[in-house]
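Heads up, the thing below is written out as structure tokens.
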Ligand code: GAL
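Residue numbers (our numbering): 2 to 349.
Here is the structure:
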């Protein structure tokens, strides 16, 4: 009897050991011995570094800059790792330079590690950049390029500082593409065959040199190609759809069928101009042409279905990713260039 008890006990012990052993083996298989020790200390001991990023946008109420700022936020997220996080604060400067200046002061007080800045007024670039540089914060300017004294030169406030740069697209290219789209049409934009292209120009906010360059280079592309042009009206619509509509409506009332092409410095205003063209009973592609810049989704669709003649891709993905990549470089103490350029692409 004793023997039987001893045997049963021994059997139980063997079984329970086996069970334990089984569990252990399983655990080990799930987490290979080589990885476990490396992963655990990293998670336990490594510091998680959170960088504070301040982003000031000239105004949230802008189609293109809305795409741009959303992509800045989304792209920072994709760059986060176990050990590096980005605390991104994006503020609306409401098209008010005084407001933006206060926002920059707040960013400095909050100890931002980098600032991404879409200036309200490029003419105020000096004062703002001086503050940021004095606070020892790297600054990535976007979308509105401050120019040098000659209007055409690189801006000293960028060239003089190793921690300041501009990320943008050369708007001369976008203007040239708009002109080329018209030049490439079968009638080269001269619908009534009177030997000249009669156009209306709707300009963006002059605080962005894009407005000046697109206005100038769209027409230059036509005259360079040997076409005669006639400007019927040229007005500032501040990148805004409602203003674009108003300007186009007034021009259509005043000049009627004389208008052959409406150039808009951006798609936002082209959308407004389209509404005015429709209301005036005109047909894009048949008795009038309409051009924009930005390649907003709805405008690419319009180009595809013929209700817009053409637009130019203002690559907000390329620009925002470049701006963020450069900001991250600066955060890591790496050397940055003064200028980064992203190409436009013709859409017709
Ligand atoms: C331009 C863009 C416009 C507007 C403007 C704001 O590059 O084409 O739609 O967003 O920037 O500065």
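Glycine residues also receive a C-beta, built at the ideal position from the N, C-alpha and C atoms.
- Of the residues 70, 334, 290, the one whose Cα lies closest to the Cα of residue 200 is 290.
- Remark: the shortest separation between the CB of residue 127 and any heavy atom of the ligand GAL does not fall under 7 Å.
- Bridge partners of residue 78 according to DSSP: none are assigned.
- Distance from the CA of residue 312 to the CA of residue 185, rounded to the nearest whole angstrom, comes to 14 Å.
- Here residue 165 is near residue 134, since their CB atoms are less than 8 Å apart.
- DSSP, read as helix, strand or coil, puts residue 206 in coil.
- Taking 8 Å as the cut-off, the Cβ atoms of residue 143 and residue 320 count as close.
- In the structure shown, residue 72 adopts helical secondary structure according to DSSP, grouped into three states.
- Distance from the CA atom of residue 240 to the CA atom of residue 249, rounded to whole angstroms, is 13 Å.
- Shown here, residue 299 sits in a helix according to DSSP, grouped into three states.
- Residue pairing for residue 244: DSSP places it in no beta bridge.
- With a 10 Å radius around the Cβ and a threshold of 16 neighbouring Cβ atoms, residue 122 comes out buried.
- Rounded to whole angstroms, the Cβ separation of residue 91 and residue 74 is 6 Å, and the two are in contact under 8 Å.
- Closest by C-alpha distance to residue 295, out of 230, 344, 330, 333, is 344.
- With a cutoff of 8 Å on beta-carbon distance, residue 168 and residue 139 are scored as not near each other.
- Secondary structure at residue 118: strand, using DSSP grouped into helix, strand and coil.
- Secondary structure remark: continuous alpha helix (DSSP H) runs of at least 4 residues inside the stretch 149-230, in chain order: 157-160, 172-184, 210-225.
- For residue 245, the shortest separation between its Cβ and any heavy atom of the ligand GAL does not lie below 7 Å.
- Taking 8 Å as the cut-off, the beta carbon of residue 309 is found no closer than this to the beta carbon of residue 341.
- A distance of 8 Å or more separates the beta carbons of residue 96 and residue 268.
- The shortest C-alpha to C-alpha distance from residue 196 to any of 62, 229, 152 is the one to 229.
- Going by beta carbons, residue 179 and residue 292 fall inside the 8 Å limit.
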